[in-house]
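For the sequence shown, numbering that gives the first Met the number 0 assigns the number 0 to the initial residue and increments by one for each residue that follows.
For each residue, glycine too, the CB sits at the ideal point set by N, CA and C.
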Amino acid sequence: METNWNQYIFKKYMQSIDKLKNIYSNNQYLKNRFWYSLSLNPNITWDIVEANQDNPWDWYGLSINPSIKWEIVEANPNKPWNWDYLSRNTSITIDIVEANQDKPWDWNYLSMNPLIRWEIVEANPDKPWNWDGLSMNPSIKWEIVEANPDKPWNFECLSQNPNITWEIVEANPDKPWDWGVLSQNKFTKAKEEFEKRVSHQKFIQENILEELVKAYMHPKRIVMLLDMGYEIEELDDIM
């Protein structure tokens, strides 16, 4: 059902861009960029690729597309997969790499892959990890860096790690942060956590306030106060 839906969406999408063909048909760069962007779109499944083999799919884009699972790569060894980009594919696990050591994995890109956790690095010290890649890997938290000061962390790359917050930088002024890179760091992880907290607090505040108002202004309470002898004009002062 999902495959049929994706194919339907793909056909509609292709129909909607027919008018662009005249623009990029004579511009190879635009054409290449278009098919690269389309090929890495997670909504493009292998079924769609197989059903539309006459299209100029970009194999760099397909190789990094998270909808392309290892089973697909294994079943299609003659396709022009790009192993650098496959190494960046977030569906690739260390177990897959271990079971296929004869493949030309790129350890630079594997080191940046968010699926590579610190526990995996610790358990595989003999692997050719790239510490620049590990330093910018979003699965690497500052606590890990602090707990392993003997490792060759790259602070230029750490400066662009989304887990780095301004508080961490301020608390560690002696570290060789790259200030140019830091100025471009969106601190996305800290921002996400902050937004989650704010949303949670807002939800609690709004709901608690609503419940308080319901209880405080309930007609039964007003009747009770009137029965106790309060005048209607006095209720403003009480409530």
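Between the C-alpha atoms of residue i and residue j, what's the straight-line distance to the nearest angstrom?
{"i": "E169", "j": "Y35", "result": "40 Å"}
{"i": "W178", "j": "M135", "result": "15 Å"}
{"i": "P66", "j": "N40", "result": "According to the sequence provided, residue 66 is Ser. The question's Pro does not apply to it. About 8 Å."}
{"i": "K174", "j": "I167", "result": "10 Å"}
{"i": "V120", "j": "Y59", "result": "26 Å"}
{"i": "K150", "j": "S182", "result": "25 Å"}
{"i": "S90", "j": "W152", "result": "26 Å"}
{"i": "D94", "j": "W128", "result": "16 Å"}
{"i": "Y84", "j": "N171", "result": "35 Å"}
{"i": "K140", "j": "M111", "result": "13 Å"}
{"i": "D125", "j": "E118", "result": "14 Å"}
{"i": "I63", "j": "V180", "result": "25 Å"}
{"i": "E145", "j": "T44", "result": "41 Å"}
{"i": "W82", "j": "L61", "result": "11 Å"}
{"i": "E49", "j": "K30", "result": "20 Å"}
{"i": "N147", "j": "P76", "result": "40 Å"}
Looking at the secondary structure, which residues open and close the alpha helix (DSSP H) in which residue i lies?
{"i": "I139", "result": "Premise fails: I139 is in no alpha helix (DSSP H) and is neither H nor E."}
{"i": "D83", "result": "W82 to R87"}
{"i": "W165", "result": "W165 to A170"}
Quick check on residue i: does DSSP put it in helix, strand or coil?
{"i": "F186", "result": "coil"}
{"i": "I93", "result": "helix"}
{"i": "K78", "result": "coil"}
{"i": "K30", "result": "helix"}
{"i": "W178", "result": "helix"}
{"i": "D173", "result": "coil"}
Check your understanding: Hey, which unbroken runs of the alpha helix (DSSP H) at 4 residues or more fall wholly within the stretch 32-76?
Key -> 45-50, 58-63 and 69-74
Check your understanding: Which runs of the alpha helix (DSSP H) fall wholly inside the stretch 96-154 and span at least 4 residues, in chain order?
Key -> For the stretch 96-154, whole alpha helix (DSSP H) runs of length 4 or above, ordered along the chain, are 106-111, 117-122, 130-135 and 141-146.
Review point. Using 8 Å as the Cβ pair cut-off and three pairs as the minimum, do the stretch 129-144 and the stretch 104-115 touch?
Key: Touching, yes.
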